[in-house]
Every structure is written in C-alpha cells, then in structure tokens.
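Single-structure report; data block below.
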Amino acid sequence: MRTWFFTEDCYPDLPPQDEWESIRVELPNQLCEPENAHRLYNEYLDIWCAADEMGLDIMVNEHHQTATCMVPAAPIMLGILARQTKDARLLILGNPLPNRNQPVRVAEEMALIDVISKGRLECGFVRSVPYEAAAANILPYKGSERLWESHDLIMKAWTT
C-alpha cells in the first residue's frame, strides 16, 4: 500500500457562515483577496516541497467554484512541483477529463510534466462532480461518456 501526502488547499479567509448558503458555486470571486491567495499558494507549494524532503509522495487535485480547494488547474501545480521536488512520486488524482475539451492536450501536458520530473508522474483521471459541470459548459449526465472517450484518446496518444 502507498501513502500519499494530500491537502485540499482551501481558502480559509471567508466571511461568517451565515452570510452565504454554501461555500460552493455561489461565493463571488471578490471574496478572494489577491494578497491572501498569493501567500496561500506559496505556503501550499512550500508544504508540498517539505513533504518531498520528508520522503513522502505527493497527491494533487483540483476543484472549481469552491473555497474548499484553491487549485483550479492541478497540472500547473504539478509542473511547478516537478521542478521543485526531487524524489516524491507526483500523483494527479483529479484531472477531470469531462471538463477538458482537448484530451490530446491533456496527454501532452502530462507527458511534459513526466519528463520534467524524470518519470515521477502518476496520472489519475476522474469524472468530475456535477456542480462543476456548468463552468465547463458540459452536461453532468455526459460525464462518464466523456471520461472514457478522453481516456482512450490519451492512452492512444501516449502509446502510438
């Protein structure tokens, strides 16, 4: 069994709970203070690098329209970590293929990260969650179909 270091990378600086019905979808972007976001992104990167120094493997995911996860683009964070870490396996478990319009580009991005990391990347593809479908302009009930079609194209791109 493998153990991975994982954190949701939340945005903790929110207004009182009674001001919003949910911390998903309906929070306006203006609640995110740029200085706080800058500090938090760099803290999360430092924490991941410390995990590498402690001998832990690292798992990164992404979510959209929620304060529970500040990472809307896990491949970008993994690209940074591929360069800044030395030994950790890097797992993207949360590359929501139905939300991506270009699966071959996903294959290229993952291949680039794998080369930069000297083969330390492991890819996990997910279907996404329904509340993120609208922002990706997709129908939630088409998620499984899009996942498998994209998966097959990515595998073909990697192996031919």
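So for the sequence shown, my numbering puts the first residue at 14; every next one is plus one. Even for Gly, the Cβ is constructed at its ideal location relative to N, Cα and C. Owing to the predicted nature of the structure, the values given are computational and were not obtained by experimental measurement.
Suppose contacts are defined by Cβ-Cβ distances below 8 Å. Is residue i in contact with residue j by that definition?
i: I126; j: A86; result: no
i: C136; j: I105; result: yes
i: P111; j: L160; result: yes
i: R140; j: P116; result: no
i: M14; j: L53; result: no
i: H76; j: A148; result: no
i: D26; j: Y57; result: no
i: E122; j: P88; result: yes
On a Cα-Cα basis, can you pick out the residue from the options that is closest to residue i?
i: Y156; options: K169, N114 and G132; result: The residue asked about is misnamed: residue 156 is Gly in this sequence, not Tyr. That would be N114, whose Cα lies nearest to the Cα of G156.
i: P28; options: L44, F138 and E162; result: L44
i: G132; options: R102, D59, T173 and H76; result: R102
i: D100; options: I89, L58 and C62; result: C62
i: W171; options: A120, L91 and D31; result: A120
Quick check on residue i: buried or exposed, where buried means 16 or more other Cβ atoms within 10 Å of its Cβ?
i: E145; result: buried
i: T98; result: buried
i: N55; result: exposed
i: Y24; result: buried
i: T173; result: exposed
Does DSSP put residue i in a helix, a strand or coil?
i: M67; result: coil
i: T172; result: helix
i: N108; result: strand
i: V142; result: coil
i: W61; result: helix
Is the number of C-beta pairs between the region 64-71 and the region 38-50 that are closer than 8 Å three or more?
no
Three or more C-beta pairs closer than 8 Å, one from the region 29-43 and one from the region 52-68: is that the case here?
no
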